[in-house]
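Numbering-wise (numbering that gives the first Met the number 0), the sequence shown opens with residue 0 and increments by one. Ideal Cβ placement from N, Cα and C applies to all residues, glycine included.
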Amino acid sequence: MLNTAVYITKQIIDITCSLNTFAIIPLHQRHPSQNEKKYLLQVLEDGILSGGGTFLKRCEHWFEEILTSPKALLTHSCTGALEISALLLDINEGDEVIVPSYTFVSTANAFALRGAKLRFADSLPDHPNIQLETILPLVNSKTRAIVVVHYGGMAVDMDPILDFAKEKKITVIEDAAHSIHANYKNKPLGSLGDLSCFSFHDTKPIGCGEGGILAIQNEEFIEKAVWMYDKGTNRQDFLAGKSIDYQWKSLGSSYNATELQAAVLLSQLEESDRIFSMRQKVWDRYIFNLQHHLKYATLPKQNSFGNHNTSIFYILCDSIIRKQELQKALAKNDIQSAGHYLCLHQSPYIASHNNDFCPNAVSIEGRLLRLPIYSGLDLREVDRICEVVMGI
Ligand SMILES: Cc1ncc(COP(=O)(O)O)c(C=O)c1O
């Protein structure tokens, strides 16, 4: 009961401080890419809006090439891509899936929907990511999958996890919601696990309102994934003229994106280098301004094995109180800021039937504060934000 009350109070503080409707500097702002209106018009003129057209195929090919993936499916959301991943594992009662505690609900919910027992891995002491050491205590003979989240597009140390999972025949899924354009040891994030899931929600650097990609690295999953994507049917074969009709072949649902989403996404993908270089300038200015001047907070930890992608700029305050103080000061100056996830292992839905212990994740939940970052953020505005941050 007390936990639930604390959880709700924390949520209210985060929401009220982050959703200041009068904020002049928002936390996120969509990048309007050059060709999106032209492409949207083209879809409207072609008259087929539902999906499966050229824009959708071009987006899928873009990911297949970038990730050297044998198959990518454009979904209506990353949540949808995660749900297909969970369906593909054919989870039965008693199966266990390891997810980070510090993540978005969809990472875990997709597997809970299939009846998996969730085990929650702790974050690193100084970073939201999980690592093999925090996963190992949760592994047993029932473990079917490990889901990693590359927080803010900063790579999880994948090699030890992949080696371990291969030896134990455990599926690895990358929740790459934040991870387009980021690397681990020169390989793109989203190309490392058996399956990976990206998000193009408006809050992401590359967005089309709502959208996602399921990228399949493990070829064993391709045939079923295509059925599951299309209501559990072989309709894709029918559309390609490979079958005279289509039938119900497996469990599935309606996971596809529309051509309207794909048209906007393609325009964004074509401009992605420019979008990320504009964001990088903002990131660099934050680092330049803050690196020697933060008394009560630290900058995002960079690791040696990956290139991050500027998805999220955050600082880790030394206490919850300091974070709240800073959020108030920023809000007073019309600057939006926000914490991020609330640890899933102590969420109202799961807490009563979960005993996992994630002290690092809880500590990070209380102290992590996201600051505005988007392609159109003026560097003078970054300076103004930094002045408020350095004043605390
Ligand atoms: C780590 C993570 N996974 C999954 C999702 C869900 O993405 P979508 O909104 O595209 O379903 C999010 C959303 O922000 C996320 O942060």
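In the structure shown, the three-state DSSP call for Ser195 is strand. If you ignore the 5 residues before and after Lys167, its C-beta comes within less than 8 Å of the C-beta of Val138 and Thr142, all in its own chain and listed in chain order. When rounded, the separation of the alpha-carbon atoms in Ser253 and Ser198 is 17 Å. Just so you know, the alpha carbons of Ala176 and Gly240 end up roughly 33 Å apart. Beyond the five residues adjoining it in sequence on each side, Gln301 comes within less than 8 Å, by CB distance, of Met153 and His307 in the same chain, given in chain order. In the same chain as Ile221, and ignoring 5 residues on each side of it, the C-beta atoms closer than 7 Å to its own belong to Pro69, Lys70 and Ile215, in chain order. Between the alpha carbons of Asn359 and Pro99 lies a distance of about 11 Å. By the neighbour-count criterion, in which a residue is buried when 16 or more other Cβ atoms sit within 10 angstroms of its Cβ, Pro136 is exposed. Membership of Gly79 in the alpha helix (DSSP H) is indicated by the continuous run Cys77 to Leu87. For Cys316, the secondary structure class from DSSP, reduced to helix, strand or coil, is strand.
Annotation for Ala85 indicates a beta carbon at 7 Å or more from all heavy atoms of ligand 1. Setting aside the 5 residues that flank it on each side, Thr78 is surrounded in the same chain by Ser105, each with a C-beta closer than 6 Å to its C-beta; the list follows chain order.
Tyr348 has its alpha-carbon roughly 35 Å from the corresponding atom of Glu258. Taking 7 Å as the cut-off, the C-beta of Asp201 does not count as close to any heavy atom of ligand 1.
Under the DSSP assignment, Lys70 falls in the beta strand (DSSP E) whose first and last residues are Lys70 to Thr74. Leu343 is positioned such that its CB atom lies closer than 8 Å to that of Thr102. Placement of the Cβ of Ala176 at a distance of less than 7 Å from at least one heavy atom of ligand 1 is found.
Runs of the beta strand (DSSP E) lying entirely within the segment 78 to 157 and spanning at least 3 residues, in chain order: 95 to 99, 116 to 120 and 142 to 148.
For Leu191 against Leu161, the beta-carbon gap comes to about 7 Å, under 8 Å, which counts as contact. Within 7 Å of the C-beta of Ser276 there is not a single heavy atom belonging to ligand 1. The beta-bridge partner set that DSSP reports for Pro204 is empty. For Tyr295, the closest of Ile65, Glu324, Ile179 and Phe312 by C-alpha to C-alpha distance is Glu324. Contact between the segment 259 to 269 and the segment 23 to 34 is established, with three or more Cβ pairs separated by less than 8 Å. About 36 Å separates the beta carbons of Leu43 and Arg369, which is beyond the 8 Å limit, so they are not a contact pair. Ranked by Cα distance from Gly211, the options Ser84, Pro299 and Cys196 are led by Cys196. Distance between Ala256 and His352, taken at the CA atoms: about 35 Å. Counted as a single uninterrupted DSSP element, the stretch harbouring Arg369 is not any alpha helix (DSSP H) but the beta strand (DSSP E) occupying residues Leu367 to Leu370.
Using a cutoff of 7 Å, the CB of Gly206 does not count as near ligand 1, since none of the ligand's heavy atoms is closer than that. Non-local C-beta neighbours of Ala181 in its own chain, meaning closer than 8 Å and more than five positions away in sequence, comprise His149, Gly152, Met153, Ala154, Pro187, Leu188, Gly305, Asn306, His307, Asn308 and Ser310, ordered along the chain. Nearest neighbour of Leu293 by Cα position, chosen from Ile391, Gly93 and Ile363, turns out to be Ile391.
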